[in-house]
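Engineer: Chains as they are written, first to last, in the numbering used here: chain A, 1 to 231; chain B, 1 to 293.
The beta carbon of each residue, even a glycine, is placed where N, CA and C say it ideally should be.
Since this is a predicted model, take the numbers as computed values, not measurements.
Handing you a structure now.
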């Protein structure tokens, strides 16, 4: 579904991510793990089209999307939940959700009731401004918003950041359920060990802007993960 | 009876001042609020609207349609200016000030060279009526209703259409809106066009009440910028509240001490806001709304 070949990217003239190759198959949940500042977010932003690709290729569903604008990548069916959730603080919860409708223009919009099933709290707060929600609710809103557009691939950048542990568990359970129900492919960046272990089928480890290891879920032992995450 | 006549006079002055502030600010407020572009050529966009309206009227088109053509004409002009100049300046407010100032100079001087110092405009339609011992213009009363209708129309565009939603989202977080499939460049272009149309419309509406000269826009410059400044970034809440408040200040002081003091009052309010509440009325109101819930 997603093939990234020899990708390099960064900010301005500074290369942060070098020669990265990854593949994500349909229906898979793949994680990219690594310490702070190794280039995980930069890499995801580049896939979404928010940073320019210096060299290499991004192939999504047999389409070369390396050089197209981010809004067109969304139209192709990539749903993105950025670090810090990226909700629109002065729009209501409902308006935030409606903004997701333009993702994957080939497919019909997902029924809102489906979204409320996974995230019932959102339904209670439809008319509330997103800026007044708690961190956990904002994460749910951001994920729900991406799901509204019926994406083929969901890109999550540290969804657990700044959220209390019991809500993290709830969100990862929900995402697993969504993956099972809708066959949604998920690629996520994460540092939370629990989250990684409970979700990932496979994981790439990143350090200094490059991929330094790849593991299947049965190899994702605590020691293994800690090895990549500790400084 | 004399009390009634006096009260009516005060009310008329207030409404006239209110509609003038709203109409002169509305296009500027949209472009500044949604795009963070300060359009110093705003007055000249209004001037262009007045010229197009006058030219159409002279060509025999009824005034109403001439005004609408003025708005459309300035909208198209705004589209061209956006593609040529403004689109390169998104996210660079100071550069946009310099560029649009340049555009305003070119427009004023260009009109002076091409069309001379004055241009024949339509005369004020609809006549007048008498209350007490004073004459009042029916057209100016009509402008009040038009100003209010335009505010409602703008509210509808930005709060109840898909375009409005995307426009507000783009304003709050450009990258995120783009990642969700919104073509933010196109949103900005359309927003600039809509703002230009409102400016052109206001110019056309005031064309029958003023002399049509290349410096037509300068009559609106101070009022429009002060209204936007006092209103803050939100073109919906800000323009209404600040138009109302400044209308009271301007008409009250003008009634008591004359037009000059009325304008001085506006400037003093502007200075107070810059010092005390730099985000204007909409900043104050939004802060409150975020806290309540």
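Please specify which runs of the alpha helix (DSSP H), each continuous and at least 4 residues long, are wholly inside the region 18 to 92 of chain A, giving them in chain order.
Structural biologist: 40 to 48 and 70 to 76
Engineer: Mind checking whether residue 139 of chain B and residue 124 of chain B have CB atoms under 8 angstroms apart?
Structural biologist: Yes. Within cutoff.
Engineer: Tell me, please, whether the CB atom of residue 144 of chain A is closer than 8 angstroms to any CB atom in chain B?
Structural biologist: no
Engineer: Just the Cα atoms here: how many angstroms apart are residue 249 of chain B and residue 145 of chain B?
Structural biologist: 20 angstroms
Engineer: Relative to the alpha-carbon of residue 190 of chain A, which residue among A:26, A:57, A:44 and A:88 has its alpha-carbon at the smallest distance?
Structural biologist: A:44
Engineer: So which residues on chain B does residue 223 of chain A lean against when the C-beta distance must stay under 7 angstroms?
Structural biologist: Listed by position along chain B, the residues whose Cβ is nearer than 7 angstroms to that of residue 223 of chain A form an empty set, because the closest Cβ is around 36 angstroms away.
Engineer: Taking 8 angstroms as the CB-CB limit, is residue 279 of chain B close to chain A?
Structural biologist: no
Engineer: Taking the Cβ atom as the reference point for each residue, do residue 10 of chain B and residue 96 of chain B lie within a distance shorter than 8 angstroms?
Structural biologist: Cβ atoms of residue 10 of chain B and residue 96 of chain B: not closer than 8 angstroms.
Engineer: Taking 7 angstroms as the limit between beta carbons, can you name the residues of its chain near residue 167 of chain B, skipping five residues before and five after?
Structural biologist: 34, 158, 187 and 191
Engineer: Could you tell me which of B:36, B:23 and B:176 sits nearest to residue 100 of chain A, measuring between CA atoms?
Structural biologist: B:176
Engineer: Against chain A, does residue 263 of chain B count as a neighbour if the rule is that its beta carbon must be under 8 angstroms from one of theirs?
Structural biologist: no
Engineer: On a Cα-Cα basis, can you pick out the residue from B:237, B:48, B:24 and B:246 that is closest to residue 66 of chain B?
Structural biologist: B:48
Engineer: What is the rounded straight-line gap between the Cα of residue 269 of chain B and the Cα of residue 111 of chain A?
Structural biologist: 50 angstroms
Engineer: Throw me the rounded Cβ distance for the residue 39 of chain A and residue 209 of chain A pair, which I believe falls under 8 angstroms.
Structural biologist: Residue 209 of chain A and residue 39 of chain A do touch by the CB rule: their CB atoms are close to 4 angstroms apart, below 8 angstroms.
Engineer: Evaluate residue 82 of chain A with the Cβ neighbour count: other Cβ atoms within 10 Å of its Cβ, from every protein chain shown; 16 or more gives buried, anything less gives exposed.
Structural biologist: buried
Engineer: So, helix, strand or coil for residue 178 of chain B, using DSSP?
Structural biologist: Looking at residue 178 of chain B - three-state DSSP - the assignment turns out to be helix.
Engineer: Can the beta-carbon of residue 28 of chain B be found less than 8 angstroms from the beta-carbon of residue 228 of chain B?
Structural biologist: yes
Engineer: Does residue 161 of chain A have its Cβ less than 8 angstroms from a Cβ in chain B?
Structural biologist: no
Engineer: Any beta carbon from chain B within less than 8 angstroms of residue 91 of chain A's own beta carbon?
Structural biologist: yes
Engineer: By a C-beta neighbour count over all protein chains shown, 10 Å radius and 16 as the cutoff for buried, is residue 130 of chain B buried or exposed?
Structural biologist: exposed
Engineer: Taking the alpha-carbon of residue 147 of chain A as reference, which of A:130, A:164, A:158 and A:74 has the nearest alpha-carbon?
Structural biologist: A:74
Engineer: Would you mind reading off the limits of the alpha helix (DSSP H) that contains residue 216 of chain A?
Structural biologist: Per DSSP, residue 216 of chain A belongs to no alpha helix (DSSP H); it is in the beta strand (DSSP E), 210 to 216.
Engineer: Within 10 Å of its beta-carbon, does residue 241 of chain B have 16 or more other beta-carbons around it, so buried, or fewer, so exposed?
Structural biologist: buried
Engineer: Could you tell me whether the Cβ atoms of residue 286 of chain B and residue 21 of chain B are closer together than 8 angstroms?
Structural biologist: no
Engineer: Taking Cβ-Cβ distances shorter than 8 angstroms, what residues in chain A pair up with residue 66 of chain B?
Structural biologist: Chain A residues near residue 66 of chain B: none, gap ~38 angstroms exceeds 8 angstroms.
Engineer: For residue 188 of chain B and chain A, any beta-carbon pair shorter than 8 angstroms?
Structural biologist: no
Engineer: Per the contact definition of three or more C-beta pairs closer than 8 angstroms, is the region 247 to 265 of chain B in contact with the region 195 to 212 of chain B?
Structural biologist: At 8 angstroms Cβ cutoff, the stretches do not touch.
Engineer: Under 8 angstroms Cβ-Cβ, which residues of chain E neighbour residue 161 of chain B?
Structural biologist: Looking for chain E here will not work: the only protein chains present are A and B.
Engineer: Got a sec: is the Cβ-Cβ distance from residue 53 of chain B to anything in chain A below 8 angstroms?
Structural biologist: By this cut-off, residue 53 of chain B is not an interface position.
Engineer: When the cut-off is 8 angstroms and only beta carbons count, does residue 284 of chain B lie next to chain A?
Structural biologist: So no, residue 284 of chain B is outside the interface.
Engineer: So what does DSSP say about residue 36 of chain B, is it helix, strand or coil?
Structural biologist: coil
Engineer: Hey, does residue 165 of chain A have any beta-carbon neighbour from chain B nearer than 8 angstroms?
Structural biologist: Not closer than 8 angstroms to any Cβ of chain B, the Cβ of residue 165 of chain A fails to qualify, so no.
Engineer: Throw me the rounded Cβ distance for the residue 159 of chain A and residue 188 of chain A pair, which I believe falls under 8 angstroms.
Structural biologist: 7 angstroms
Engineer: Anyone know if the C-beta pair for residue 228 of chain A and residue 22 of chain A falls short of 8 angstroms?
Structural biologist: no
Engineer: Counting C-beta neighbours from all protein chains within 10 Å, is the total for residue 138 of chain A 16 or more, i.e. buried, or is it exposed?
Structural biologist: Counting C-beta atoms within 10 angstroms of its own C-beta, residue 138 of chain A has 16 or more neighbours from the protein chains shown and is therefore classed as buried.
Engineer: I'd like the list of long-range same chain contacts for residue 192 of chain A, defined as Cβ closer than 6 angstroms, with 5 residues on each side in sequence excluded.
Structural biologist: 160
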